Amino acid sequence: MEIKKIENPRFLKQLNIDELNQLSQDIRDFLIENISKTGGHFSSNLGIVELTVALHYVFDSPEDKFLFDVGHQAYVHKILTGRAPMFTKLKKYGGMCGFQNRHESIHDPWEAGHSSTTISGATGLAIARDLKKEQFEVISIIGDAALMSGESLEALNFLGGIDTKVIVILNDNNMSISRNVGGLSNFLSDVRMSYKYNQAKSNYTEILSQSAVGQKIFDMTKRVKDKVKRKILLDTPFSQFDLDYIGPVDGHNMEELIRALETVKNLDHSVVLHVLTKKGKGYEPAEKDCSGVYHSVGPFDISKGIQPVLDQERHSWSQSVSDHVEYLMNKHDDICVITPAMITGSCLQSIFKNHPDRSFDVGIAEEHAMTLAAGLSQGGEFPFLSVYSSFFQRAYDQLNHDIARMNLPCLIGIDRAGLVGGDGATHHGVFDIGIIAPIPGVVIMAPKDEEEAQKMINTAYQNKDRPYVMRYSKNKVIDTHQHTDETIKLGEWELIKEVEDAAVNVVTYGDNVLAVLEMAETDHLPINIINARFIKPIDEDMLNKMSDKPIIVYETDLMSGSLGSIMSLYYEKNHINVDMSFIGIDDHYVTFGDNESLYKQEHISLNDLKNKIEEIEHEKRKN
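So in the working numbering, spot 271 of the sequence shown is number 327, and the numbers just go up one at a time.
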């Protein structure tokens, strides 16, 4: 089938099983061909093809609402809702979002980039439906890892106690939830999946409830049924939430999928449908991938698969930080490492292999990770917690309440800080400074290069006097191929470049420091450059010294709650009159696309900085 000609999913109703299977293969081929050219979330979408086709066959979007948890496994949904022609610009600036997007299609009722939100969202949507006396189905499609997070479990607990209907599709591509997957379980699942059984159960309830005697019989049989159900049928976590469970179902068997989905559609209450899928199905390297390499990919050669790129000069910030943490772990036995399901993403594989007793992957549970770090610290260990900036937001309370309030020594690595490109608003790491800065006692650091990062890590470990946060980007950094044991004086900024009769002081941090330095030297700009490597505490001596010249605070993060805000407060509090300008992201969410395009759109490029410098220099000459 010509995939790009699909306009909406209504045509699926006319297809037989063989045709649906052929369509699934065509979609899988389309995904492999296109994602290999553009990059994107790969293996998760290959695994959900048949399930998504079956969902659109049985249900009616946009009347029925599909909420894909996280959202990066919604590519097949996008294809079936007429967006296949947009795949050439997947995650590109001005193109198609890599997640569900309400502004993109009426078939997208929910937006998510973080995990575990859809059961809560679906429950709220279902309650609103019931209050308005509307008729449509609400379906949450969630993965096995996301289901185990705190928010999902809270939502299940709530859902099981209210009178509404939400269909939860558990897309299980790795983990077995139910331990009773034998002949008896399969038989009983078949019985429950029978429409006649469910219809008969409904008639039975209605008849017996019409008389007092009948009601007594019903109550008695229900108690018996519930005991049997708990003992042999539904010995799953879902039974503890008082939710019906069906499955497991083969997620690549179209006939079985349709049968199961039609069953849950005909129920009048909430249910969990357990579907077993294979991540990466249809592309052998992705099927065999155990480390997550094919989860999110850049462009690659289909015939060769993803080839590791060896760069002797540069490596990721994640790798740089992980290497030095392991260097310290080899010398000290009190360092522990924690990650919320980001071993590969944060380049912690070597640490987990070589120090298994001191390495903890807590799954998608940032809140737990943070408080676990607090407990380890209180017990005399020194925890290093690696977490993505965009996911860190979930653990604000734990950092505030459990770590900072007790002033517990630790180091938190905020990975993927700053703009991250194609994943867009849900993944840009531009909020962490504004979130963390108001918390008393927490140190916020941003290294310009690998050596400075190592010194910061050493400072946190050797001082062991408070919580330290170090933020670093998704970019590459020059590999020094060595380690230092030096530290940095707490709160001390660095004058990177000083020019006689400079027109302006440029204050910046992180990757921006060397980028601004290169621009200044190339274009011979008359500026002083200050490396504000400690965003908190600030260097008051430096602030006082540079107040005699115009200051540009150059940030590629949100201006609200930023370094610029902190500096402004200092000058105002101390009644120091200073000419300050700010470059940063205004009060809105940044879209997706390549960082170069986003920097231009947000007016935070080096060229924007250069223009501001020239504007100030021009004003200085006029005066």
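The beta carbon of each residue, even a glycine, is placed where N, CA and C say it ideally should be.
Keep in mind it's a predicted model, so treat the numbers as computed, not measured.
If you follow the beta strand (DSSP E) that N53 is part of, which residue opens it and which one closes it?
-> Residue 53 lies beyond the stretch modelled for the chain, which goes from 57 to 679, so this question has no answer here.
Can you give, in chain order, each stretch of the alpha helix (DSSP H) that sits fully within the stretch 65 to 110 and has at least 4 residues?
-> Taking only runs of at least 4 residues, the alpha helix (DSSP H) segments lying wholly in the stretch 65 to 110 are 73 to 94 and 99 to 103.
Nonlocal neighbours in the same chain, by C-beta distance under 8 Å from G103, ignoring five residues either side = Q129, N227, N229, G307, T333, K334, K335, G336 and K337
What three-state label does DSSP hand R185 in the structure shown?
-> Of the three classes helix, strand and coil, the one that applies to R185 here is helix, per DSSP.
Do I500 and I491 have their C-beta atoms closer together than 8 Å?
-> no
Name the two residues that bound the continuous alpha helix (DSSP H) containing F590.
-> Premise fails: F590 lies in the beta strand (DSSP E), F590 to K592, not in any alpha helix (DSSP H).
Apart from the five residues just before and just after E639, which ones in its own chain have a Cβ nearer than 8 Å to its Cβ?
-> It should be pointed out that residue 639 corresponds to Ile in this sequence rather than to Glu. The residues are I608, V609, Y610, E611, H659, I660, D664, L665 and K668.
Taking only the alpha-carbon atoms, compute the straight-line gap between F416 and S406 and give it to the nearest angstrom.
-> 13 Å
Run of the beta strand (DSSP E) containing Y655, from where it starts to where it stops = Run containing Y655: none in the beta strand (DSSP E); it sits in the alpha helix (DSSP H), N651 to E658.
How about G96 and K147: do their beta carbons lie closer than 8 Å?
-> yes
Measure from the alpha carbon of V132 to the alpha carbon of each residue in I62, K93 and P165, then state which is nearest.
-> I62
Any idea if I197 is buried or exposed, counting beta-carbon neighbours within 10 angstroms, 16 or more meaning buried?
-> Label assigned to I197: buried.
DSSP beta-bridge partners of M684 | Residue 684 is absent from the model: the chain starts at 57 and stops at 679.
Do we get a CB-CB distance below 8 Å when we pair L332 with the residues of chain D?
-> Among the chains in the structure shown there is no chain D, since it carries only a single protein chain.
Stretch pair the stretch 408 to 428 + the stretch 363 to 377: three plus CB contacts closer than 8 Å = no
Looking only at DSSP bridge pairs, what is I641 linked to?
-> BP columns for I641 point to L614.
Measuring CA to CA, which of A184, H170, T319 and E311 is closest to S205?
-> H170
Looking only at C-alpha atoms, which of E119, P396 and S99 sits nearest to N64?
-> The candidate whose alpha carbon is nearest that of N64 is E119.
Keeping to the same chain, check which residues put their C-beta closer than 8 Å to that of E312; ignore five residues upstream and five downstream.
-> V305 and D306
Could you work out which residue in E542, E423 and Y565 is closest to I552 when comparing CA atoms only?
-> Y565
For E369, I'd like the list of residues in its chain whose CB is within less than 7 Å of its CB, leaving aside the five on either flank, ordered along the chain.
-> I534 and D535
Residue burial classification, G150 (beta-carbon count within 10 angstroms, cutoff 16) = exposed
Sheet register partners of N561 (DSSP bridge) = Its beta-bridge partners are N584 and I607.
Does the Cβ of I162 have 16 or more other Cβ atoms within 10 Å, making it buried, or fewer, making it exposed?
-> exposed
Strand pairing of L432, partner residues [DSSP] | Answer is none; L432 lacks a bridge partner.
What do you get for V365, buried or exposed, if any count of 16 or more other CB atoms within 10 angstroms of its CB means buried?
-> exposed
Please say whether F115 and K387 have beta carbons closer to each other than 8 Å?
-> It is not a contact, given that the beta carbons lie outside the stated cut-off.
DSSP beta-bridge partners for N229?
-> The partner list for N229 (beta bridge, DSSP) is empty, contrary to what the question assumes.
Consult DSSP for F416 and reduce its assignment to one of helix, strand or coil.
-> strand
Count the other C-beta atoms from every protein chain shown that fall within 10 angstroms of the C-beta of P141, then say buried if there are 16 or more, exposed otherwise.
-> Note on P141: under 16 other CB atoms within 10 angstroms of its CB, so exposed under the neighbour-count rule.
Distance between A481 and I641 (C-alpha atoms, nearest Å) | 12 Å
Ignore the nearest five residues each way along the sequence and tell me which others in L68's own chain have a CB closer than 6 Å to its CB.
-> H112 and Y113
Consult DSSP for K360 and reduce its assignment to one of helix, strand or coil.
-> Three-state DSSP puts K360 in coil, outside helix and strand.
Using 8 Å as the threshold, is the stretch 203 to 218 in touch with the stretch 427 to 444, meaning 3 or more CB pairs across them?
-> no
Status (buried if at least 16 other CB within 10 Å, exposed otherwise) for H580 = Of the other Cβ atoms in all chains shown, fewer than 16 fall within 10 Å of the Cβ of H580; this residue is therefore exposed.
Whole angstroms is fine: what's the gap from D595's alpha carbon to M512's?
-> Their backbone Cα atoms lie some 16 Å apart in a straight line.
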